[in-house]
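Visitor: Below: one structure in structure tokens.
Next comes the structure, spelled out in structure tokens:
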């Protein structure tokens, strides 16, 4: 029961954060663009025909490239406001939870998902649903954040208190196992990192707000702002750049997997 409550609370925070960020999301989605473009490139290699699902789509993964949308595309997101930003036909927009998708078994030939899976508490349930709705010999393509993303901010917080302020990001091997245990064969994987610099702690947290980034519940309860708190984080920040800028690192994983025969 406690785990179910935690999952529900996470879903509610995700929905609220992304609903707030929806109107300006694409304008500020600096961490999302490169993973989306890599995913689109892989999609063009593996997609031949059949229905396409963009899971946790936000305004749409394909919106980052402004390319022609594939035929039979369905966008699914927990945030209705995000879906409203999509260029898809409204008949192809579904507001739903990845743990309980409203689709028949083997409904899709290919599913893509860009930077959504890292926010889920119960990832195994999500992969089980993906296995259910993808046809045998179909494909799952996704990008996700992995450990040690945001390590600089994590270390700064640890100098202030004992609360967990930064979400625990899984390692790449965790995702390989999630694929394997749910009937997927990993065909390709890519790992890379990108660094972003911010002029102040206030600008850094504004970046989180504008992209819908969700922090753990304890961090949100205690608040992430406040001049005194931001000043303490700045003093303890472990990775300052020239000019006094704060560097923040994101680590990414891209996986292409094939649904094995049942």
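Residue numbers (the UniProt record's numbering): 1 to 262. By construction, the Cβ of each residue, glycine as well, lies at the ideal position given by its N, Cα and C atoms.
By how many angstroms is the C-alpha of residue 40 removed from the C-alpha of residue 199?
Guide: Answer to the nearest angstrom: the Cα atoms are 32 Å apart.
Visitor: Below 7 Å CB to CB, which residues in the same chain sit around residue 186 once its five sequence neighbours on both sides are set aside?
Guide: The residues are 176, 179, 255, 257.
Visitor: Please check the pair residue 93 and residue 83, which I expect to be a contact at CB under 8 Å, by giving their CB distance rounded to whole angstroms.
Guide: Confirmed, about 5 Å.
Visitor: Using CA coordinates, which residue listed in 188, 253, 260, 174 is at the minimum distance from residue 31?
Guide: Here the closest residue by C-alpha is 253.
Visitor: Could you give the DSSP three-state label for residue 179: helix, strand or coil?
Guide: Helix at residue 179.
Visitor: So is residue 265 buried or exposed if we call it buried at 16+ other beta carbons inside 10 Å?
Guide: Residue 265 cannot be examined here, being either before or after the span of the chain that is shown, 1 to 262.
Visitor: Hey, would you say residue 160 sits closer than 8 Å to residue 227, going by beta carbons?
Guide: No.
Visitor: Just checking my contact of residue 125 with residue 99 at CB under 8 Å: how many whole Å lie between their CB atoms?
Guide: Their Cβ separation, rounded to whole angstroms, is 5 Å, which keeps residue 125 and residue 99 in contact under 8 Å.
Visitor: Which of the three DSSP states is assigned to residue 206 in this structure?
Guide: Residue 206: helix per DSSP, three-state reduction.
Visitor: Do residue 56 and residue 109 count as a contact pair if the criterion is CB distance below 8 Å?
Guide: For residue 109 and residue 56, no; Cβs fall outside 8 Å.
Visitor: Give me the Cα-Cα distance between residue 60 and residue 237, rounded to the nearest whole angstrom.
Guide: Roughly 34 Å between the two C-alpha positions.
Visitor: Go ahead and pull the three-state DSSP assignment for residue 113.
Guide: It is a strand residue.
Visitor: Go through the segment 117-194 residue by residue and report every complete run of the beta strand (DSSP E) that reaches 3 residues or more, in order.
Guide: For the segment 117-194, whole beta strand (DSSP E) runs of length 3 or above, ordered along the chain, are 134-145.
Visitor: Mapping DSSP to helix, strand and coil, what is residue 46?
Guide: It is helical.
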